[in-house]
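There are 2 protein chains.
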Amino acid sequence: MVFSKTFGYALRGVLYVALTNEVKPRVQLEEIAIQLSVPRHFLGKVMKKLVKEGVLISIKGPYGGFSVNETTLQIPLLRLIEITGEPEEFGSCVLRLRKCNAQNPCPMHRQIETLRRQWQSLLASTKIGDLLRKDQPDFIKSIATL
Amino acid sequence: MVFSKTFGYALRGVLYVALTNEVKPRVQLEEIAIQLSVPRHFLGKVMKKLVKEGVLISIKGPYGGFSVNETTLQIPLLRLIEITGEPEEFGSCVLRLRKCNAQNPCPMHRQIETLRRQWQSLLASTKIGDLLRKDQPDFIKSIATL
DNA sequence: AGAATAAAAGACATCAAGGTCTTTAATGAG
DNA sequence: CTCATTAAAGACCTTGATGTCTTTTATTCT
Numbered sequence: 218m219v220f221s222k223t224f225g226y227a228l229r230g231v232l233y234v235a236l237t238n239e240v241k242p243r244v245q246l247e248e249i250a251i252q253l254s255v256p257r258h259f260l261g262k263v264m265k266k267l268v269k270e271g272v273l274i275s276i277k278g279p280y281g282g283f284s285v286n287e288t289t290l291q292i293p294l295l296r297l298i299e300i301t302g303e304p305e306e307f308g309s310c311v312l313r314l315r316k317c318n319a320q321n322p323c324p325m326h327r328q329i330e331t332l333r334r335q336w337q338s339l340l341a342s343t344k345i346g347d348l349l350r351k352d353q354p355d356f357i358k359s360i361a362t363l
Numbered sequence: 218m219v220f221s222k223t224f225g226y227a228l229r230g231v232l233y234v235a236l237t238n239e240v241k242p243r244v245q246l247e248e249i250a251i252q253l254s255v256p257r258h259f260l261g262k263v264m265k266k267l268v269k270e271g272v273l274i275s276i277k278g279p280y281g282g283f284s285v286n287e288t289t290l291q292i293p294l295l296r297l298i299e300i301t302g303e304p305e306e307f308g309s310c311v312l313r314l315r316k317c318n319a320q321n322p323c324p325m326h327r328q329i330e331t332l333r334r335q336w337q338s339l340l341a342s343t344k345i346g347d348l349l350r351k352d353q354p355d356f357i358k359s360i361a362t363l
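Top to bottom, those sequences are chains A and B. So for the first sequence, our numbering puts the first residue at 218; every next one is plus one. So for the second sequence, our numbering puts the first residue at 218; every next one is plus one.
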């Protein structure tokens, strides 16, 4: 019921980049890792994936770093979940019963499906930008260090 | 959004014991493991835990095996989840944002809390016995082999 | 008591997620 | 062109969930 660490790093990383992009064109991995208290090299892997998937832009070399693109803030959280690699086993029984499906539902099946659909729709309709409270002065604290 | 394999083994194991207890007083690990297509020794560990936690009764030696007790079918799924060791991090942000709580909620906070509470209450109110469809002739297939 | 049976217990093996360290490639400044 | 800088890539380590194998303990039957 809680997403992976990798997902958390990705989300917070993107939010940090978006936030600092208001002030400067690029942020470096070093700064992000320190500010978010996240293992630097591991974060590097996550960011690389985000770039490859078109969520962020990166530039190598001096004055390089990460920045957002036009679509970054419109990307739904569900996409981030896919990218950070939860197989999202929709369709398989939460309780790991075999042969539990719409044709042969277990007694909880309907209720579980309803809850799942609500999750899915919440995650699909919420976009990264929806979590970015630029107005809120200490928003950075929500994503930064303890 | 899907529980651990260990949880699945525990649930299916208990259901299998409850089901066969209608016919014979005890079932052996061997039979359960084969019928459920589950690794025998690993299942042994899970069953041992269930016995220690009072979910099942076990007897060693010839004609020994596992059986249910008076309360087994009244145990809520939430208890099985605790026993099979999900820390159930209620209270921590699903999105892994820091400092996201009722005082300083992220924009999704309320919706997520609502969904979580629904899950919690479903898992607390559904009892093991609720999943046991003795009336349904091929119920065994739901928990047994593929 | 002794043999057979079955769970309990404990020592390892495997695998994926998460994390660290080093090397390579790209880019801008002088 | 060369150098410093920074992301990308790859090799390896750690840890927890899962799985296997062997030994011990309790029980029943003869």
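Think of the CB as a built atom: it goes at the ideal place given N, C-alpha and C, for glycine as much as any other residue.
Quick one: using the 10 Å Cβ neighbour count with 16 as the cut-off for buried, is residue i buried or exposed?
i, result
"A190 (chain A)", "As shown, chain A starts at 218 and ends at 363. That puts residue 190 (chain A) outside it, with no answer to give."
"L363 (chain B)", "No answer about L363 (chain B) holds up, because its pLDDT of 48 lies below 50 and its placement is not dependable."
"A319 (chain A)", "exposed"
"Y233 (chain A)", "buried"
"F224 (chain B)", "buried"
"T289 (chain B)", "buried"
"I276 (chain A)", "exposed"
"T164 (chain B)", "Residue 164 (chain B) lies beyond the residue range present for chain B, which begins at 218 and ends at 363; the question has no answer from this structure."
"S359 (chain B)", "buried"
"T301 (chain A)", "buried"
Three-state secondary structure (DSSP) at residue i?
i, result
"S284 (chain A)", "strand"
"L273 (chain B)", "strand"
"K344 (chain B)", "strand"
"R244 (chain B)", "Residue identity differs from the one stated: residue 244 (chain B) is Val in this sequence, not Arg. Strand, per DSSP."
"S309 (chain A)", "coil"
"L363 (chain A)", "Summary for L363 (chain A): the model assigns pLDDT 48, below 50, so the residue's position carries little reliability; its value from the coordinates is reported in the next sentence. If DSSP states are grouped into helix, strand and coil, L363 (chain A) belongs with coil."
"S338 (chain A)", "helix"
"G225 (chain B)", "helix"
"R333 (chain B)", "helix"
"K351 (chain A)", "coil"
"R257 (chain B)", "helix"
"L314 (chain A)", "coil"
"E239 (chain B)", "coil"
"V219 (chain A)", "coil"
"Q366 (chain B)", "With chain B covering only 218 through 363, there is no way to say anything about residue 366 (chain B)."
"G278 (chain A)", "coil"
"M325 (chain B)", "coil"
"G302 (chain A)", "coil"
Given a cut-off of 8 Å, decide if residue j and residue i are closer than it, judged by their beta-carbon atoms.
i, j, result
"L267 (chain B)", "L340 (chain B)", "no"
"L348 (chain A)", "P322 (chain B)", "no"
"A235 (chain A)", "V285 (chain A)", "yes"
"F220 (chain A)", "L312 (chain B)", "yes"
"Y280 (chain A)", "R243 (chain A)", "yes"
"E247 (chain A)", "R257 (chain A)", "yes"
"F283 (chain B)", "L273 (chain B)", "yes"
"K344 (chain B)", "P293 (chain B)", "yes"
"R327 (chain B)", "M218 (chain A)", "no"
"E239 (chain A)", "K351 (chain A)", "yes"
"L253 (chain A)", "A361 (chain A)", "yes"
Mind checking who residue i pairs with in its DSSP beta bridge?
i, result
"L293 (chain B)", "Checking the displayed sequence, the identity of residue 293 (chain B) turns out to be Pro instead of Leu. B:K344, per the DSSP bridge assignment."
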